[in-house]
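*Asks:* I have a structure I would like to understand better, so I am pasting it below and will then ask my questions one at a time.
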Amino acid sequence: MKHVTTTSTEGYVSVFNPTGKSPVVVVCEHARNFIPSAFNDLGLTGDALESHAAWDPGALPVAKGLSDRLNAKLIASDVSRLVYDCNRAPSAPDAMPHQSEAIKVPGNVGLTAAQRQDRVDEFYEPFRTTLAEAIAATPTPVIVTIHSFTPTYYGQKRAVEIGVLHDTDARLADVMLETAYQFTETLILRNEPYGPEHGVTHTLKEHALANGHLNVMLEVRNDLIQTAQQQDEMADCIANWLADALVRLKVERAVEC
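Quick note, our numbering runs 713 ahead of the 1-based positions in the sequence shown.
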């Protein structure tokens, strides 16, 4: 069954289903393309503000669907990753990128150390703290981050449809990869279209690896989650796939729906 979720918002972070009882804590770092007015759209116009450079289209509805189906907490960033990418450490150059793929971001060029720190304090730290608190409040937590990616990258088509990403802890990823085709016929690959060498596993390293929590990052090609029906179907697929993997890993309370 699906659960009716409640939402609380603090600053630029939303918490969906804060009383969820699942061991899974869902994370969506690139949920929205919102840029506060003080940033004057970072000098961008038109399609750039709606593009994948600014957010992960479709990721939040899938994450919310997963939260509903598993009765899991969901932590989502409410600011564009061009303002601050909450899946990057403050020291990472692309935490506030001056270019994202082919899109230049004028408002991020020449930032001073003080300006960067202001963004860390306003956008990253509340997100990091909120997520840490949600994880701490969850017995035997399992961290699952939801992202989407473009069908083409610098003009090259991507065949992969779902990426199962991990850093040094591959326990959950391994089981999900072993059982993937019981739940979907989409092309699923390990650490594609990105991997830890691209700096994309910051959330996993910050919140899971240090404490030994099971974790995985899921990348879904965004043409597969454009419509509400596609998003529902993908949430169903991931929820069933993940629940099965956690049962195989003998995680208590793996299925709360």
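Glycine residues also receive a C-beta, built at the ideal position from the N, C-alpha and C atoms.
Being a predicted model, the structure only gives us computed values, none of them experimental.
Note down, in chain order, each residue of its chain lying with its Cβ closer than 6 Å to the Cβ of V739, except the 5 sequence neighbours on either side.
*Replies:* As a first step, residue 739 is located in the sequence shown; it is residue number 26 there, counting from the start. Counting only Cβ-Cβ distances below 6 Å, and skipping sequence neighbours, we find A776, L779, S780, A785, L787 and V857.
*Asks:* Could you tell me the distance, in whole angstroms, from the CA atom of E932 to the CA atom of D882?
*Replies:* Residue mapping note: residue 932 aligns to position 219 of the sequence shown, counting from 1. Residue mapping note: residue 882 aligns to position 169 of the sequence shown, counting from 1. Approximately 17 Å, taken between the alpha carbons.
*Asks:* Where V855 and H926 are concerned, what is the direct C-alpha to C-alpha distance, given to the nearest angstrom?
*Replies:* Mapped onto the sequence shown, residue 855 falls at position 142. Mapped onto the sequence shown, residue 926 falls at position 213. If I take the Cα positions, the gap works out to 6 Å.
*Asks:* Strictly by DSSP, which residues pair up with G876?
*Replies:* In the sequence shown, residue 876 corresponds to position 163, counting from 1. Answer by DSSP bridge pairing, in chain order: L902 and E932.
*Asks:* Assign N928 to buried or exposed, taking buried as 16 or more other Cβ atoms, counted over all protein chains shown, within 10 Å of its Cβ.
*Replies:* For the purposes of this step, residue 928 is taken as residue 215 along the sequence shown, with counting starting at 1. That one is buried.
*Asks:* Please classify T842: does DSSP put it in a helix, a strand, or coil?
*Replies:* Against the sequence shown, residue 842 aligns to sequence position 129. DSSP places T842 in helix when its eight states are reduced to three.
*Asks:* If I measure Cβ to Cβ from D769 and keep anything under 6 Å in the same chain, skipping five residues before and after, which residues do I get?
*Replies:* Residue 769 sits at position 56 when you count from the first residue of the sequence shown. Around D769: H743, H860 and S861.
*Asks:* Closer than 8 Å by C-beta to R884: which residues in its own chain qualify, once you throw out the five before and the five after it? Chain order, please.
*Replies:* Locating residue 884 in the sequence shown gives position 171, where the first residue counts as 1. The residues are L927 and L962.
*Asks:* Which residue's Cα is closest to the Cα of L955: V737, P731, G724 and L922?
*Replies:* Position 242 of the sequence shown, counted from the first residue, corresponds to residue 955. The candidate whose alpha carbon is nearest that of L955 is V737.
*Asks:* Let me check understanding here. Comparing Cα to Cα, which of A789, P864, T853 and I875 lies closest to L844?
*Replies:* Counting from one through the sequence shown, the residue named residue 844 turns up at place 131. Cα-wise, what sits closest to L844 is A789.
*Asks:* How many angstroms separate the CA atom of I938 from the CA atom of T825?
*Replies:* Locating residue 938 in the sequence shown gives position 225, counting from the first residue. Locating residue 825 in the sequence shown gives position 112, counting from the first residue. Taking the straight line from one Cα to the other gives about 38 Å.
*Asks:* A776 lies in the alpha helix (DSSP H); which residues open and close that run?
*Replies:* The residue labelled residue 776 in the question sits at position 63 within the sequence shown. A772 to L783 is the span of the alpha helix (DSSP H), which, as asked, contains A776.
*Asks:* Alpha carbon to alpha carbon, how far is V964 from I848? Give it in angstroms, no decimals.
*Replies:* Taking the sequence shown and counting its residues from 1, one reaches residue 848 at position 135. Taking the sequence shown and counting its residues from 1, one reaches residue 964 at position 251. Approximately 15 Å, taken between the alpha carbons.
*Asks:* Give the straight-line distance between the Cα atoms of R745 and D760, rounded to the nearest whole angstrom.
*Replies:* Start at 1 with the first residue of the sequence shown, and residue 745 comes out as number 32. Start at 1 with the first residue of the sequence shown, and residue 760 comes out as number 47. In a straight line, the C-alpha of R745 is about 15 Å away from that of D760.
*Asks:* Using a Cβ-Cβ cut-off of 8 Å (strictly less than) and excluding sequence neighbours within five positions of H915, which residues of its own chain qualify?
*Replies:* As a working note, residue 915 is residue 202 in the sequence shown. Within the same chain, H915 has close Cβ partners N800, R801, A802 and A805.
*Asks:* In the DSSP assignment, find the unbroken beta strand (DSSP E) run with C741 in it and report its ends.
*Replies:* For this step, residue 741 is matched to residue 28 along the sequence shown. Looking at the DSSP string, the run of the beta strand (DSSP E) that includes C741 is V737 to C741.
*Asks:* Measuring alpha carbon to alpha carbon, tell me which residue in G912, K817 and T853 is nearest H879.
*Replies:* As a working mapping, residue 879 is identified with position 166 in the sequence shown. The option with the nearest alpha carbon to H879 is G912.
*Asks:* Based on the DSSP output, what are the partners of H860 in its beta bridges?
*Replies:* As a position in the sequence shown, residue 860 is number 147, starting the count at 1. Beta-bridge pairing links H860 to E932.
*Asks:* Residue range of the beta strand (DSSP E) that L959 falls in?
*Replies:* Working through the sequence shown from its first residue, we reach residue 959 at position 246. Counting along the chain, L959 falls outside any beta strand (DSSP E), though it belongs to the alpha helix (DSSP H) covering A941 to R961.
*Asks:* Work out the CA separation of L755 and A796 for me, nearest whole Å.
*Replies:* Stepping through the sequence shown from its first residue, residue 796 is reached at position 83. Stepping through the sequence shown from its first residue, residue 755 is reached at position 42. With the sequence shown as reference, residue 796 is identified as Val, and Ala is not the correct amino acid for it. Cα-Cα distance, rounded: 8 Å.
*Asks:* Report the three-state DSSP secondary structure of V818 (helix, strand or coil).
*Replies:* The count along the sequence shown starts at 1 and reaches residue 818 at position 105. V818: coil per DSSP, three-state reduction.
*Asks:* Can you tell me whether D971 is buried or exposed? The criterion is at least 16 other CB atoms within 10 Å of its CB, across all chains shown.
*Replies:* With the chain represented from 714 up to 970, any question about residue 971 goes unanswered, as that position is not in the structure.
*Asks:* Give a yes or no on whether the C-beta atoms belonging to T892 and C950 are separated by under 7 Å.
*Replies:* As a working mapping, residue 892 is identified with position 179 in the sequence shown. As a working mapping, residue 950 is identified with position 237 in the sequence shown. Their beta carbons are not under 7 Å apart, which means T892 does not touch C950 by this criterion.
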